[in-house]
Amino acid sequence: LKSVMVVEFSLISSPSKSVTFSYSSTFDPLNQTHNPEIICTGGGGVEIDVEFTFNSKVSTSSMHVYEGVLLSRDDRNRSIYITICTQQSNETLQTITLSSSSIQLISTLASSIDFGSDPIDQMTVTLEAINRFDEAITKRNILFQEHIQAWKKLWKSGIDIEPLEDHPFVLPKIIMDTDKNHENDTVITTFSRSLDIAQHINSSMYYLLSSSRDDWPYGISPGGLASQSYSGAIFFDMDWYMMPALLPFYPSHAANILRFRYNSLEESNNIAKIFGYNGSMFAWTASYFGRPQGCCDGKGGWENCIEQHITGDVAVAVQMYYYATRDKLWLQNIGWPLLRDIARFWSSRITKTNNITYSINGIMPVDEWCDNTQSKCGDIGVNNAIQTNAVAVVSLIFATEVGNMFGFDVDPEWIQTAKKLKINFNSTTQTHIQWDNAVAPSSPHTYVCPEDVLYLTYPMNFNVTPEIIRNDAETFIPITCQENAGMTGPIHSIVWLMLNETLKAEGEFNRSLQACTYGEFHVRNEVDIHEDIIGGHGFNTHFLTGDGGFIQAVMMGYAGLRYDEKSLLFNPLPGVVTPATKNIRLRNILVQGTYSFDYTIDESAVHFICSNLYENILCITDNDNNQWKITSNELSLKFQDIQLPIRVDLCN
């Protein structure tokens, strides 16, 4: 029930028959503070907030009804209404007895968004919120069990870590005589590194699943549903960090992420027109239906306007999703409109320097520290930023391939532009160059941040060879900012594993694991706020980008999972798993979004098994064309007996 929230108090055990406690809530919709945004040149407005009133006519003693309206209209000039029904208690003291049932406080919400694009009135929204409240009250005795079962279904998929025999999850207790009186007075329970990794995996997946659904196509902000970080705006983090982490297990969640981009096409076309371009230009900081959050009206103003790699990033995400699911109906109806409009944008965005080379000028690169003052490149941009041009090339080529696949009209200029677009590369050193006239940092405190060139290796696999991958890694990883471990650590770990640099990979994995994670529940922050780390130290309350990155470091790094134009494949580094780990198991991976199997990797072999339902449907093929079928009896393939990579696909 996506619009129901429950706070529940229950007494598990007590020496007395009852417990009285003080309870108060900070929930006060009638006294919110609104945060006006600074008006920017040619744009602006206010941050979208809601002004609430109390509806005494429909409220009862057990249900308070608050009706709200957004302070600004949406892109269709509609008023957006919100209603909250809450069972919030007015009593400060609560008493629970062992014999009584728990105390439940139920709240429900409805909004105009629930009803699609048609105009809707406040009372209709209010009645929907009340209906949801009544349903929750009727089911109150089974709500928690239903919630548990829903999560149990989700947890059929996931990642398991089995610890080494000499590194169990819980290590032997340490008993100490701290006051030296010959009596043991302190017991310390210690936990292993393998448990730390397993907990981080599960917490990261939990936070991603908590903020995504397969029936709510409105995107995911890096702060998730549980915080107001990033003002709820959506970045490329969703497409490149969160979506790939969900894709092998929860393709319907991944599809809904891209559904948000599809639903943003109309607004993205409007943004392109403001800038004088064709097609769709996606907002770097996107809100409801792709509306730009902040100053993005074609007249300048930091990365909101010119960090246009996001448009190509969406096309790469479309390619990822199709390679994973092979869903041609989705590709035709959702993927193609996205690819078509993105290709039209890049065709209009290029500058034809001459008939041999095309350029994309005035771009904010992924490396937002591109001039190390965080100002000039945000206003005037750089030319031919390497990652931007790379995603533009992929956009144009893949749009051409898909258009031809379905017999749609394809502009022949797309493929010509892809061939002529400048990819900055030093043929002498065999390394990529960040942008036109880019030079190496002049001091040890001059950094790339958060990432740039390494994206060509992962996730793009674009214009690279083993030699180029190593040269790029050795050039750019040492000068990448240390503070943004949530974004950079996972990418670097994957790249070092591709190069058989296990110690370097483990170092970056450890940064991703610990540098930006705080508290017992492993909540991630965007930056490492330890005092010895150079850079920003703001606390963002949550960073789902880091959760998605960490999952990818385990799944795509140590487990070696990939997708390409042919199939799902595994190309792990033999004999290497996460630290203090006996094996890694990926549970319920879905081939083509339907056919499930389990994959386990340990130091000597990979193992495959499926349920009886999918026996003999999936086949494994190694690089020497040896083939095996996946059945309900575990298949073990020793690394010495196979030629990597190995592919998993439907049997012929």
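Position 326 (the sequence shown) corresponds to 329 in my numbering; numbering is contiguous.
Every residue, glycine too, gets a C-beta built ideally from N, C-alpha and C.
Opening and closing residue of the beta strand (DSSP E) in which Leu653 lies: In the DSSP assignment, Leu653 falls within the beta strand (DSSP E) that extends over 649-653.
Reduced DSSP secondary structure (H/G/I, E/B, other) of Pro295: In the three-state reduction of the DSSP assignment, Pro295 falls in the strand class.
Closest residue to Met126 among Lys632, Val22, Val68, Asn591 (Cα-Cα distance): The option with the nearest alpha carbon to Met126 is Val68.
DSSP three-state assignment for Pro462, whether helix, strand or coil: When DSSP states are grouped into helix, strand and coil, Pro462 belongs to the coil group.
Beta-bridge partners of Arg588, as assigned by DSSP: Asp163, Thr603.
Element boundaries [beta strand (DSSP E), containing Met8]: Where Met8 is concerned, the enclosing beta strand (DSSP E) starts and stops at 7-12.
Residues near Ile151 by beta carbon distance below 7 Å, same chain, minus five either side: Leaving aside the five residues that flank Ile151 on each side, none in its chain has a CB nearer than 7 Å to its CB.
Sequence-distant residues of the same chain with beta carbon closer than 7 Å to Gly596, five excluded per side: Around Gly596, the same chain offers Pro254, Thr328, Asp330 as residues with beta carbons nearer than 7 Å, after the five sequence neighbours per side are excluded.
Residue ranges of each alpha helix (DSSP H) within the region 310-381, 4 or longer: Along the length of the region 310-381, whole alpha helix (DSSP H) runs at least 4 residues long occupy 312-328, 339-352, reported in chain order.
Touching by the beta-carbon criterion (3+ pairs, under 8 Å), the region 338-350 and the region 400-419: Cβ pair count under 8 Å is three or more, so yes.
Given Met501 as reference, the closest of Ser224, Met179, Thr86, Pro648 once Cα atoms are compared: Sorting Ser224, Met179, Thr86, Pro648 by C-alpha distance to the C-alpha of Met501 places Pro648 at the top.
Segment limits, alpha helix (DSSP H) that includes Phe573: Looking at the DSSP string, Phe573 is not in any alpha helix (DSSP H); the run it does join, the beta strand (DSSP E), is 571-573.
Cα-Cα separation, Leu228 to Pro175: Going by the C-alpha atoms only, they are around 39 Å apart.
Val442 versus Thr478: straight-line alpha-carbon distance, rounded: Roughly 12 Å separates the two Cα atoms.
Straight-line gap, Leu638 to Tyr209 (C-alpha atoms, nearest Å): If I take the Cα positions, the gap works out to 30 Å.
Same chain, Cβ closer than 6 Å to Asn474, neighbours up to 5 away in sequence not counted: Within the same chain, Asn474 has close Cβ partners Gln433, Thr434.
Whole-number beta carbon distance between Met463 and Pro251, since they are thought to touch under 8 Å: That belief does not hold up - the Cβ atoms of Pro251 and Met463 are roughly 18 Å apart, past 8 Å.
Contact set for Lys2: own chain, Cβ-Cβ below 6 Å, skip 5 residues either direction: No answer is possible for residue 2: the residues shown for the chain start at 4 and end at 655.
Contact set for Ser21: own chain, Cβ-Cβ below 7 Å, skip 5 residues either direction: Only residues of its own chain outside the window of five on either side were considered, and among them Thr98, Ile99, Thr100 have a CB closer than 7 Å to the CB of Ser21, listed in chain order.
Span separating the alpha-carbon of His256 from that of Ser215: Within the model, the alpha-carbon separation for His256 versus Ser215 is close to 6 Å.
Cβ shell of Pro484 (< 8 Å), same chain only, five flanking positions each side left out: Checking the sequence, you will find Cys at residue 484 rather than Pro. Same-chain partners within the cutoff: Trp372, Tyr450, Val451, Cys452, Pro453, Thr491, Ile537, Gly538.
Gly551 burial status per 10 Å Cβ neighbour count (16 or more: buried): By the neighbour-count criterion, in which a residue is buried when 16 or more other Cβ atoms sit within 10 angstroms of its Cβ, Gly551 is buried.
Asp242 and Leu261 closer than 9 Å at C-beta: Yes.
Backbone secondary structure at Met208 - three-state DSSP: Judged by DSSP in its simplified three-state form, Met208 adopts helix.
Segment contact, 8 Å Cβ cut-off, at least three pairs: the region 405-419 with the region 332-345: Output reads yes: the region 332-345 touches the region 405-419.
Per DSSP, cross-strand counterpart(s) of Thr468: Note: Thr468 sits in no beta bridge, so no partner.
Beta-carbon proximity of Ile383 to Asn427, cut-off 9 Å: It is not a contact, given that the beta carbons lie outside the stated cut-off.
Sub-9 Å separation of Ile109 and Arg143 beta-carbons: Ile109 places its beta carbon less than 9 Å from that of Arg143.
Residue range of the unbroken beta strand (DSSP E) whose run includes Tyr566: Looking at the DSSP string, the run of the beta strand (DSSP E) that includes Tyr566 is 564-566.
Cβ-based burial, Thr520 [other Cβ within 10 Å; buried from 16]: By the 10 Å Cβ count, Thr520 comes out buried.
For Arg527, the residue or residues it bridges with in DSSP: When DSSP reads this structure, Arg527 sits in a beta bridge with Thr520.
Nonlocal neighbours in the same chain, by C-beta distance under 8 Å from Ser114, ignoring five residues either side: A distance below 8 Å between beta-carbons, with the five flanking residues on each side excluded, links Ser114 to the following residues of its chain, in chain order: Ile83, Tyr84, Ile85, Thr86, Val128.
Burial state of Asp370, where buried means 16 or more other Cβ atoms lie within 10 Å: Looking at its Cβ environment, which holds 16 or more other Cβ atoms inside 10 Å, Asp370 is buried.
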